[in-house]
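Residue numbers (the numbering used here): 3 to 278.
Just so you know, even glycine gets a beta-carbon here, dropped at the ideal spot from N, CA and C.
This one's a predicted model, so the numbers in the text were calculated from it and none came from an experiment.
Everything on this sheet refers to the single structure shown next.
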């Protein structure tokens with residue numbers, strides 16, 4: 003057996019009612035020992051092997067270190083799914099950088115049953131949401147579009163590689179109800195609203211295209227509600243809120259119920275359709 007490769011994380015799976023352990027998997031080694039230890043050619047192949055053996059979902063969470071993203075990753079892991087999480091703080095995944103997106107997503111080498119884009123921010127570089135149009139900043143607005151619109155669009159440009167063609171899959175982008183044009187009754191938050199509205203349009207357009215090549219997939223925009231995270235801390239007093247773990251379970255329930263016929267839609271945390 004070849005030497006162990008440094009740097010690949012420990013994982014375990016239950017295969018054929020026995021625990022199978024793989025620690026620091028060696029990229030050039032594939033072997034089943036007498037103790038039942040499986041060494042795959044690389045970590046990704048091991049995940050594919052264990053998921054296939056157990057019938058698990060494979061889940062990709064982008065923005066996995068954020069409040070909602072981390073809670074989704076934890077909840078899916080508790081359900082027994084194989085979860086791959088990427089974030090800027092942990093993995094250097096920069097959703098606003100085309101090269102970073104291509105590098106990280108291009109290296110995954112297999113498809114996913116669930117993909118969740120949980121990146122995004124209300125305040126960027128200290129810029130708070132505008133209360134009036136007179137408070138608009140071109141720089142702040144450009145930053146909002148870079149993170150909340152262009153980022154998800156870049157990820158969606160790789161969706162044809164991330165989603166399977168032979169089975170049902172769900173790809174969701176977490177947007178926001180304030181991105182609804184029809185539901186806008188109080189104004190304000192111009193840059194954030196516009197960026198989320200544009201993200202909804204990106205999701206809708208991508209869903210039409212992917213419906214031709216991936217007819218069993220559902221591509222949707224989701225409003226998670228007001229969630230108790232550092233992202234919303236200053237705004238919680240104004241709206242009813244839920245803890246991140248509860249929000250994650252709500253979103254998982256919605257995603258589990260989405261069908262290909264609902265692809266291209268905009269839904270809230272209870273599964274109700276939101277006006278564009």
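- When DSSP states are grouped into helix, strand and coil, residue 106 belongs to the helix group.
- The beta-carbon distance between residue 201 and residue 175, rounded to whole angstroms, is 6 Å. This is short enough to meet the 8 Å contact definition.
- Exclusion of the five residues before and after residue 213 leaves 265 as the residues of its chain whose Cβ lies within less than 7 Å of its Cβ.
- Minimum Cα-Cα distance from residue 119 among the listed residues 74, 216, 230, 111 corresponds to 74.
- Here DSSP, grouped into helix, strand and coil, assigns residue 176 to strand.
- Look at the stretch 88 to 152 and you find these whole runs of alpha helix (DSSP H), each 4 residues long or longer: 90 to 93, 100 to 108, 140 to 147.
- Residue 185 is positioned such that its CB atom lies closer than 8 Å to that of residue 276.
- Excluding residues up to 5 positions away in sequence, 262 lie with their Cβ nearer than 8 Å to the Cβ of residue 217 in the same chain.
- Contact between residue 94 and residue 63 does not hold, since their C-beta atoms are separated by about 16 Å, which reaches or exceeds 8 Å.
- Checking the DSSP bridge columns, you'll see residue 225 partnered with 270.
- Of the residues 252, 80, 100, 96, the one whose Cα lies closest to the Cα of residue 226 is 252.
- Cα atoms of residue 220 and residue 103: separation of roughly 22 Å, rounded to the nearest angstrom.
- Of the candidates 90, 83, 127, 160, 160 places its Cα closest to the Cα of residue 208.
- No Cβ-Cβ contact shorter than 8 Å links residue 228 with residue 197.
- Scanning 60, 69, 166 for the CA closest to the CA of residue 248 turns up 69.
- Secondary-structure assignment with DSSP links residue 200 through no beta bridge to anything.
- Residue 258 sits exposed, since fewer than 16 C-beta atoms from the chains shown fall within 10 Å of its C-beta.
- Residue 105 is classed as exposed because its beta carbon has fewer than 16 other beta carbons within 10 Å across all chains shown.
- Listed as beta-bridge partners of residue 219 by DSSP are 171.
- Counting only residues of its own chain and dropping the five nearest sequence neighbours on each side, residue 273 has a CB closer than 7 Å to the CB of 256, 259.
- By the beta-carbon neighbour count (other beta carbons within 10 angstroms, threshold 16), residue 121 is buried.
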